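Down below is the structure, laid out as structure tokens.
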Amino acid sequence: MNNILVIDDDKDLTDNLSVFFKKYDLDLVVANEPLVGLKLIEESEPKLLLLDVMMPKVDGFTLCKQIREKSNLPIIMLTARGKLEDKIQGFEIGVDDYLPKPFEPLELLARVQTLMRRSERQPRPEPSESKAIQFSGLDILPAQQLVKVDGCEINLSGMEFHLLHALATHPGKVFNREQITGALKGVEVDLYGRAVDILLSRLRQKLNDSAASPRFIKTIRGIGYTFIAAPL
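Taking full-length UniProt numbering, I'd label the letters of the sequence shown as residues 1 to 232.
Given below as structure tokens:
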């Protein structure tokens, strides 16, 4: 049975979701307190996290930042705050999907299943694609989904790795936002224009790259992005 963790202080909601998900062979592990939820991430090893934003003591944004320091666990953020600014903030700190409250359980189920399928079926590279790709200061190992910058391994989410791989295998090609979305095979979340920019920004930060003085990814103003690192 697939294991999902929900961190939400609304006990009525979590009780109802537990009953609902059980019908679809999904086992919901519940934490109605944020700090209890942090411990359960290690203890229950969930495949996905449903995370509320507005909670006492520790809000969901703060909790998400703490989780992302150690884990690439898929996260769907649940919140009664439906402002675009909140949605953007969620993507900026590494949320994979975002669902405003109130929501239909069937819609949440669909998003959970989509995200779990994406996580479970990380595409295996073809033999011709599995060789290490090396650039000045950057090594990409597709078979292991591993990336090193200046010899140091960095921690990328699945979406970030696929984006880097797509750009690096087409050096010099300029990708607009729509082409970037299309290049992320199997990624079925709603990547609107601003979210693409956020994803690129997050990837750059992890690569220790700079938009002002890029080593790897250059912004072509008004058009998109291109990979510029020199191959070895």
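Ideal Cβ positions, reconstructed from N, Cα and C, are used throughout, including at glycine. Remember, it's a predicted structure, so these values are computed and weren't measured experimentally.
What does a CB cutoff of less than 7 Å around D96 pick up in its chain, not counting 5 residues either side in sequence?
-> Here residue 96 refers to the residue found at position 96 when the sequence shown is read from its first residue. Excluding positions up to five away in sequence, the list reads P74, I75, I76, L115, V189.
Kindly list the residues whose CB is nearer than 7 Å to the CB of R215, restricted to its own chain and excluding five residues on each side of it in sequence; keep chain order.
-> Position 215 of the sequence shown, counting from 1, holds the residue named residue 215. So the qualifying residues of the chain are G137, D209, A229.
Tell me whether T219 sits in a helix, a strand or coil according to DSSP, three-state version.
-> For the purposes of this step, residue 219 is taken as the residue at position 219 of the sequence shown. Residue state, collapsed to three classes: strand.
Counting Cβ pairs closer than 8 Å, one from the region 56-63 and one from the region 30-44, do we hit at least three?
-> yes
Ignore the nearest five residues each way along the sequence and tell me which others in Q179's own chain have a CB closer than 8 Å to its CB.
-> Here residue 179 is taken as the residue at index 179 of the sequence shown, counted from 1. Only residues of its own chain outside the window of five on either side were considered, and among them G224 have a CB closer than 8 Å to the CB of Q179, listed in chain order.
Residue burial classification, R124 (beta-carbon count within 10 angstroms, cutoff 16) = Your numbering for residue 124 matches position 124 in the sequence shown. Bear in mind that the predicted position of R124 carries a pLDDT of just 46, short of 50, making it unreliable; the figure below should be weighed with that in mind. Its Cβ having fewer than 16 others within 10 Å, R124 is exposed.
For R221, count neighbouring C-beta atoms within 10 Å of its own C-beta (all shown protein chains included) and say buried if the count is 16 or more, exposed if not.
-> Residue mapping note: residue 221 aligns to position 221 of the sequence shown, counting from 1. With fewer than 16 Cβ atoms within 10 Å of its Cβ, R221 is classed as exposed.
For D12, the three-state DSSP class (helix, strand or coil) = Along the sequence shown, one-based indexing puts residue 12 at 12. If DSSP states are grouped into helix, strand and coil, D12 belongs with the helices.
Local conformation of E178 per DSSP, three classes | Translated into positions along the sequence shown, residue 178 becomes position 178. Reduced to three states, the DSSP call for E178 is helix.
S128 versus F135: straight-line alpha-carbon distance, rounded = Position 128 of the sequence shown, counted from the first residue, corresponds to residue 128. Position 135 of the sequence shown, counted from the first residue, corresponds to residue 135. Low per-residue confidence applies at S128: pLDDT is 45, beneath 50, and the placement is therefore not dependable, though the value from the model is reported in the following sentence. Their Cα atoms are separated by approximately 18 Å.
Using the beta-carbon count (16 or more within 10 Å), is L232 buried or exposed?
-> The residue given as residue 232 occupies position 232 in the sequence shown. Exposed, since its Cβ has fewer than 16 Cβ neighbours within 10 Å.
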